Amino acid sequence: MIIRLLNFARPHWLPLSVSLACRVLNQLGTIAILVVAGHYAQQLFDGEQTFLWQQLIWPLLVIGTGKAFCRYIEQLSGHNAAFRIQEDLRNQVYWQLESQAPDNIHLLSTGDLTARVVSDIERIEVFYAHTIIPVLSALIVSAFVTYYGYLLSGSVALILCGLLLVVGLFIPSWHLMRSYTLGSTLRREFGQLNSRLTDIVAGVSEIQNWHAMTFFQQQVSDQGKQLQQYYNQLAKRNGLKDALTDLVIGLGFLGFVLQVWWLEGEVSLPLLCLYAGAFGPVLALTRTFEDLPQTFPACVRVLSMLTKSFDSAKPECNKVKKAEPSNTLLKVDQLRHQYPERSDGLFRDISLELNANQYVIIQGESGSGKTTLLRYLAAIYTPNQGSLSFNGELIDHSNRLAMWQNCCYIPQQTIIFPASLRYNLCLGQEYSDEMLVKALQLVCLEPLYLALEQGLDTELGLNGSRVSGGEAQRIALARAWLRDASVYLLDEAFSALDKQTEKEIRHRLESHWKNKLVVEIAHQAEEVSQRCQYWQLQDGKLIC
Numbered sequence: 001m002i003i004r005l006l007n008f009a010r011p012h013w014l015p016l017s018v019s020l021a022c023r024v025l026n027q028l029g030t031i032a033i034l035v036v037a038g039h040y041a042q043q044l045f046d047g048e049q050t051f052l053w054q055q056l057i058w059p060l061l062v063i064g065t066g067k068a069f070c071r072y073i074e075q076l077s078g079h080n081a082a083f084r085i086q087e088d089l090r091n092q093v094y095w096q097l098e099s100q101a102p103d104n105i106h107l108l109s110t111g112d113l114t115a116r117v118v119s120d121i122e123r124i125e126v127f128y129a130h131t132i133i134p135v136l137s138a139l140i141v142s143a144f145v146t147y148y149g150y151l152l153s154g155s156v157a158l159i160l161c162g163l164l165l166v167v168g169l170f171i172p173s174w175h176l177m178r179s180y181t182l183g184s185t186l187r188r189e190f191g192q193l194n195s196r197l198t199d200i201v202a203g204v205s206e207i208q209n210w211h212a213m214t215f216f217q218q219q220v221s222d223q224g225k226q227l228q229q230y231y232n233q234l235a236k237r238n239g240l241k242d243a244l245t246d247l248v249i250g251l252g253f254l255g256f257v258l259q260v261w262w263l264e265g266e267v268s269l270p271l272l273c274l275y276a277g278a279f280g281p282v283l284a285l286t287r288t289f290e291d292l293p294q295t296f297p298a299c300v301r302v303l304s305m306l307t308k309s310f311d312s313a314k315p316e317c318n319k320v321k322k323a324e325p326s327n328t329l330l331k332v333d334q335l336r337h338q339y340p341e342r343s344d345g346l347f348r349d350i351s352l353e354l355n356a357n358q359y360v361i362i363q364g365e366s367g368s369g370k371t372t373l374l375r376y377l378a379a380i381y382t383p384n385q386g387s388l389s390f391n392g393e394l395i396d397h398s399n400r401l402a403m404w405q406n407c408c409y410i411p412q413q414t415i416i417f418p419a420s421l422r423y424n425l426c427l428g429q430e431y432s433d434e435m436l437v438k439a440l441q442l443v444c445l446e447p448l449y450l451a452l453e454q455g456l457d458t459e460l461g462l463n464g465s466r467v468s469g470g471e472a473q474r475i476a477l478a479r480a481w482l483r484d485a486s487v488y489l490l491d492e493a494f495s496a497l498d499k500q501t502e503k504e505i506r507h508r509l510e511s512h513w514k515n516k517l518v519v520e521i522a523h524q525a526e527e528v529s530q531r532c533q534y535w536q537l538q539d540g541k542l543i544c
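Numbered according to full-length UniProt numbering, the sequence shown spans residues 1 to 544.
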């Protein structure tokens, strides 16, 4: 895992190197200030001639100014590199999610997914900005200090090296090993709490209607208390680590003084100052280890989503030519849907060819697999058994983005984003106000548009609270008309509409869809178009 994380940092080695160099100089400067002051005090105690400005004030001013400059550059370059690495990692995670969506994302709950792509990735910043550089700088500075101590006294260097290893390596490693499982539990519980809160927000109307808010509040409260208990346990372990560190440093200082006194008969102030300053870098490192029990599990959770190597650049979308009316648009060969860990499946060995200017209505009992089949046709699911072709080209995860440019899928449950009507119609594309109004007129939404106080820029509220279910479906149909795709896949796209409105919208859309391929799931068998073909999905087979 650490190797994979370091690989993400390779493109940013220059600012990280600058940050490391500045941190080393800053920490050496801190030790140098103590040693200079100790050396000057030693001369005063020994009665030697001293020069205040030359031996103390000017050196401290120069070192202090250099420390301030190095500290600024260290923070600037280190955090800049960490945030850029986060940006690269976030982009790769998002593109990985898009390549898997939505056929694999359903394995994660909404809250847990949010925790991974937001808070867990933010946690990784701790590794890059507060772990890599402190570890390397602690090693470098400790090597310098030990060497300098060796020049002054070999026994001092030996004692100092042993204490630095205990404080900077053994105690933090022991703390990390005993707290890692607790940190993993914390990140998992945090994701579950996110899921609970997300579910409550999404279903607040039903929860209030069924007078169940007290029940859900109690669940959130219990989960929060459990999370707080884990945080308390981690705080106790951090406290124990700090206590052991202070105990080792205190006992080491006492042993250090006795050893020097026994060997040399006196203790020099420069050596004491060297000892005092030597633990600064490793103490900063031990504070970093307080976050690692949560940081490393967060890294594991994020990296587990990157199941394959990814280029940080946005993947190219293979362009697919608009199909001619005479061409076969969609072809399915020996398609089979198998349930995980079960021997049976929804359907098996389905083969069909769908052309332009074809209108197919698929019917069947509830649970027969109609929606699943439509998702295969939309390349939302990619076949593990069988194949899907669009315009003569086999479709898989690598090129289905190209197919989506020419395919419009309307699901059973229309998603209305908590944004403006314009946003919900355009979804990132650019259309003129005239086109948007025309789309609304086409789906009989002009009265809604005229009633909105800010027109197209009116916010529709959380989960589309300002529109009804039928209006939401018509917004989805307006989106589809604006796309002007070659293929339209409709999953009960008219189910929330009254008969008269449905008939009027179908009549208006028919002229637009006359040269298109339309595949619709509808329970009702009424004639919706003169070119309709009615197919039945029954017992795992498609009867045309």
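Idealized CB from N, CA, C, for every residue including glycine. On a predicted model such as this, the values are computed, not experimentally measured, just so you know.
{"query": "For Leu517 and Leu330, believed in contact at Cβ under 8 Å, the rounded distance", "result": "7 Å"}
{"query": "Limits of the unbroken alpha helix (DSSP H) element including Leu16", "result": "Trp13 to Phe45"}
{"query": "Exposure of Cys408, with buried meaning 16 or more beta-carbon neighbours within 10 Å", "result": "buried"}
{"query": "Cβ contact check for the segment 147–164 and the segment 219–236: 3 or more pairs under 8 Å", "result": "no"}
{"query": "Contacting residues, own chain, Cβ-Cβ under 8 Å from Thr245 (five flanking each side not counted)", "result": "Val167, Ile171, Leu283 and Thr286"}
{"query": "Inter-residue CB distance, residue 545 and Leu490 (contact presumed, cutoff 8 Å)", "result": "Past the edges of the chain, shown from 1 to 544, lies residue 545, and the structure says nothing about it."}
{"query": "Presumed contact (8 Å Cβ cut-off) between Gly66 and Leu25, rounded CB distance", "result": "7 Å"}
{"query": "Cys532 to Ser368 span [Cα, whole Å]", "result": "21 Å"}
{"query": "The segment 501–514 touching the segment 455–468, judged by at least three CB pairs closer than 8 Å", "result": "no"}
{"query": "Option nearest Gln473 by Cα separation, candidates Gln454, Ser486, Ala493 and Leu482", "result": "Ala493"}
{"query": "Alpha carbon of Arg10 to alpha carbon of Ile133, nearest angstrom", "result": "14 Å"}
{"query": "Test item: CB-CB of Gln538 and Gly386 under 8 Å", "result": "no"}
{"query": "Nonlocal neighbours in the same chain, by C-beta distance under 6 Å from Ile31, ignoring five residues either side", "result": "Gly277"}
{"query": "Beta-carbon contacts of Leu462 that lie in its chain and below 6 Å, excluding the five residues immediately before and after", "result": "Pro418"}
{"query": "Endpoints, the beta strand (DSSP E) within which Lys516 is located", "result": "Lys516 -> no beta strand (DSSP E), and no H or E assigned at all."}
{"query": "Test: Leu151 CB closer than 8 Å to a CB of chain D", "result": "Of the protein chains in this structure there is only one, and it is not chain D."}
{"query": "Per DSSP, cross-strand counterpart(s) of Val332", "result": "Leu352 and Leu388"}
{"query": "Segment limits, alpha helix (DSSP H) that includes Ile171", "result": "Ile171 to Ala202"}
{"query": "Terminal residues of the beta strand (DSSP E) in which Asp491 lies", "result": "Val487 to Asp491"}
{"query": "The beta strand (DSSP E) enclosing Trp535, as first and last residue numbers", "result": "Cys532 to Gln538"}
{"query": "Top-ranked residue by Cα proximity to Met305, from Tyr534, Ser19 and Gln96", "result": "Gln96"}
{"query": "Alpha-carbon to alpha-carbon, Ala138 and Phe253", "result": "19 Å"}
{"query": "Cβ contact (3+ pairs, closer than 8 Å) linking the segment 290–306 and the segment 181–189", "result": "yes"}
{"query": "Whole-angstrom distance between Tyr94 and Leu234, CA atom to CA atom", "result": "31 Å"}
{"query": "For Tyr409, the three-state DSSP class (helix, strand or coil)", "result": "strand"}
{"query": "Straight-line gap, Leu394 to Gly540 (C-alpha atoms, nearest Å)", "result": "23 Å"}
{"query": "Beta-carbon gap between Leu425 and Arg479 smaller than 8 Å", "result": "yes"}
{"query": "8 Å CB neighbourhood of Asp433 in its chain, flanking five on each side removed", "result": "Leu456"}
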